[in-house]
Every structure is written in structure tokens, then in C-alpha cells.
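Novice: This structure is in C-alpha cells; I'll ask about it shortly.
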Amino acid sequence: MPIPDANKLVDEAVGLGRAMFDSPLWDADEKKWRRHIDLDSGQVDASQHFYYDICNIYALARAMALSGQMERFREGWLQAVGWLFWLVNSKGAIGYTSFDVTGPRDQYSFALAPAALAEAHRLTGRPALLRKAGELFGAYRAAFPLGKVRNVQASNHFILSALSLYRAAGQAAYLEAAQAEAEHLLAACRLAGGPAAGCFTDDQRLTAFPRHVYATWALVELNHLRPDQRLQQACAQSMDWWRANQLADGGFYFFYDAQAGRWVDQTVYSVHQKGMLLLSAWEINRLCQGRFDEMIRRAMATCDDPRWQYASPEGWRLYRRSMPERSLVYSYELGWEILGHLLGTGWDQ
3 MPIPDANKLV
13 DEAVGLGRAM
23 FDSPLWDADE
33 KKWRRHIDLD
43 SGQVDASQHF
53 YYDICNIYAL
63 ARAMALSGQM
73 ERFREGWLQA
83 VGWLFWLVNS
93 KGAIGYTSFD
103 VTGPRDQYSF
113 ALAPAALAEA
123 HRLTGRPALL
133 RKAGELFGAY
143 RAAFPLGKVR
153 NVQASNHFIL
163 SALSLYRAAG
173 QAAYLEAAQA
183 EAEHLLAACR
193 LAGGPAAGCF
203 TDDQRLTAFP
213 RHVYATWALV
223 ELNHLRPDQR
233 LQQACAQSMD
243 WWRANQLADG
253 GFYFFYDAQA
263 GRWVDQTVYS
273 VHQKGMLLLS
283 AWEINRLCQG
293 RFDEMIRRAM
303 ATCDDPRWQY
313 ASPEGWRLYR
323 RSMPERSLVY
333 SYELGWEILG
343 HLLGTGWDQ
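Be aware that the sequence shown starts at 3, since it is given in this note's numbering, and climbs by one per residue.
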């Protein structure tokens, strides 16, 4: 069974885009996304939260660059960009759920915001967005010097921001910053030995599917601008391990304790299967001459099972978060699923 063709990938991305804006996840008054929705009750979590909005703004910017079919969502996206620009001009920093940047999750918002603003500049041409992106990028590096912490997801977001700024501003310093962070990922954030050697980690003990995704995604993005066999080999090594541990139904477990040699979280998430894997898998597969065709096909097919799918009375459709959390969907999951599908149709950069 072949991987879906480009038209099917676009159709699915458009369908997910409808859910992003037509479902109660989108707050039409605040011009931003709510954190999550309970599909059974229809209730939404409207608590203060910033990271998922930043993910969706970034993902949709790139999605619109990949497919003209996504332009139908530009108006809502522009409203979200306006909200983010107001936010970053009102506050000195952006954390995960507050304006304090004190923990690893707070780093995610802080590190990815420059990428979202730089990509918004590329689509709108608004100079103020690029200026603010550069300011936030510098503030992040000042707060978190290179090598200070090992955090694969934050490193991914820093690299994405550096590359978006490089493409928008053309300044070589941004490309060099991305390269330096990638060197840190390769040197400090991979398991040195054992059954999962070469897999990505924050602590030299646990690896996890998101660690694989965020590390390899950053590396293939950099490799696209600056080809490097070391980056390609690191991505393929991690991909090979996850392929060897793919479940019979195509799914992937979450957390693996490499020191104990066992899985410590066996949850399978739809966003991993239908979104996050695809952020790097298409490009790794191309670099490896189709070695991972079957892995990708099987992963995507996992959530084609009707148990994973939800159709609302209003007509929008999405994937349930997981079997243990069948009623929940988090808003950022739609962004990564949209972008993951569309990266299978080509390259926007």
C-alpha cells in the first residue's frame, strides 16, 4: 500500500484546518486557540496558555507556503498573528502558561516565538514582525546560553527560529547560531550506548518519541540549507531504532528508559502518528532513498482505524488524542498534523 499522494495529503490538511477554526478550539473573540477540548462534553480549557498558539501560528505560516489550498485560513491566522504581536510587545518574555520563564516548558514558548514571527513576516512583509523576532531571539540566547541546558525540544525551537530568521533577514549569523545549536544536540543530547544508542535524550536516561521528532526535524531543516552527512546519519540512526520498535498496528510508544531497558509509558498518540513523525520523516526517507516508506505508511494508517476518528455534528473532523484520552484534543496537535501532512508534498523553504 503506497504512501498517500499529494492531493490526499492536502485534502487531509485542509480538513484539519477546518477543525482548527470551526471547532470550539478557536476563540473567535480572543483571536487565539483554547488549550484543549473535551469531545464528549464540548467543554474547552480556556485557561491562560501561550505555547500552543505559537505552534499553530508557525505551522500555518509554513502550511500556507506549501499549499495554496491553505490560504482559506489566512484571515483567522492573521488574527492570531495580531494577538501574538500584541502579546510580545506587552510583555518582556513568553512562558508556557505565564510570563515567567522559569522551567523547561517555559523555554518552548520563548524559543519558538521568533520563528512564528519571522514566518509571519515572510508571508505579510511587515517589518515590525521581523524586528520583534530578532529581539526575542537575542533575548532567548542571553537567558539560555549555548550548552547551558539539555532540552531537545527547546533546541529544536531555537534552530527553527534561527533558520526562519536567516531566511527572512539573510544574515549569516542566524545560520551559524542554528549550526552551533545542532552541534550541541549531536554532542550532548544523544544516548551514548546501550540498546537505544544514538537516540535523542534530555537526561542520558530516557528517550521518547517527541525527542526523536524534535531533534531530527531541526537537523533536517538545517541540512536542507547546509548539507552535512553527520546530520543525515544521526537522523537515520534514530529513525532506524524507532522503526525497529514500531508496533504491529504501526504505532509508537512514548517513553523508553534506556538504562532500565524498558518502556515506561506505552501510550500511543495520534499526533505522533499523523503529525510529528512526518515533520522529519519525509525528508529523512528521501535522503535514505525510500528506506522508511513502509514505516511512514504504517504509522499513518494506525489512526485510520475508526476508533481514532471523530466527526462533529457541524461537520469538522479530527483525530482523538489517544485511546486512554479518547475525548481530548489539544490545539497544537492540529498544527503539527497539518504541517506534517503538507511537508509530504514538497519543501517550502
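Glycine is no exception: its CB is placed at the ideal position from the N, C-alpha and C atoms.
With Ser357 and Ser240 assumed to form a contact (beta carbons below 8 angstroms), what rounded beta-carbon distance in angstroms separates them?
Specialist: Residue 357 is absent from the model: the chain starts at 3 and stops at 351.
Novice: Check Phe202 in the structure and name its three-state DSSP category.
Specialist: strand
Novice: Helix, strand or coil for Arg1 per DSSP?
Specialist: It is not possible to answer for residue 1, since the shown part of the chain is limited to 3 through 351.
Novice: Whole angstroms are fine: how far does the CA of Thr209 sit from the CA of Leu125?
Specialist: 36 angstroms
Novice: Over the uninterrupted alpha helix (DSSP H) stretch that includes His51, give me the two end residues.
Specialist: Careful: His51 lies outside any alpha helix (DSSP H) and carries neither H nor E.
Novice: What's the call for Met22, buried or exposed, on a 16-neighbour Cβ count within 10 Å?
Specialist: Looking at its Cβ environment, which holds 16 or more other Cβ atoms inside 10 Å, Met22 is buried.
Novice: Using the three-state DSSP reduction, which class does Trp219 fall into: helix, strand or coil?
Specialist: When secondary structure is reduced to three states using DSSP, Trp219 falls in the helix class.
Novice: Report yes if the CB atom of Ala171 is closer than 9 angstroms to the CB atom of Gly136, and no otherwise.
Specialist: In this structure, Gly136 lies closer than 9 angstroms to Ala171 by Cβ.
Novice: According to DSSP, is Leu208 part of a helix, a strand, or is it coil?
Specialist: strand
Novice: Would you kindly work out how many angstroms separate the C-alpha atoms of Cys57 and Ala118, rounded to a whole number?
Specialist: Approximately 8 angstroms between the Cα atoms of the pair.
Novice: Report the three-state DSSP secondary structure of Thr347 (helix, strand or coil).
Specialist: Here DSSP, grouped into helix, strand and coil, assigns Thr347 to helix.
Novice: Does any CB atom of chain C fall closer than 9 angstroms to the CB of Leu41?
Specialist: No chain C appears in the structure shown, which is made up of a single protein chain.
Novice: Whose C-alpha, out of Arg213, His186, Pro315 and Arg207, is nearest the C-alpha of Gly263?
Specialist: Arg207
Novice: Just to confirm my understanding: we take Leu11, look at its own chain, exclude 5 residues before and 5 after, and list those with CB closer than 6 angstroms. What are they?
Specialist: Excluding sequence positions up to five before and after Leu11, its CB lies within less than 6 angstroms of the CB of His343, Gly346 and Thr347, all in the same chain and listed in chain order.
Novice: Does the Cβ-Cβ distance between Thr203 and Arg152 come in under 9 angstroms?
Specialist: yes
Novice: Helix, strand or coil for Leu224? Go by DSSP, reduced to three states.
Specialist: helix
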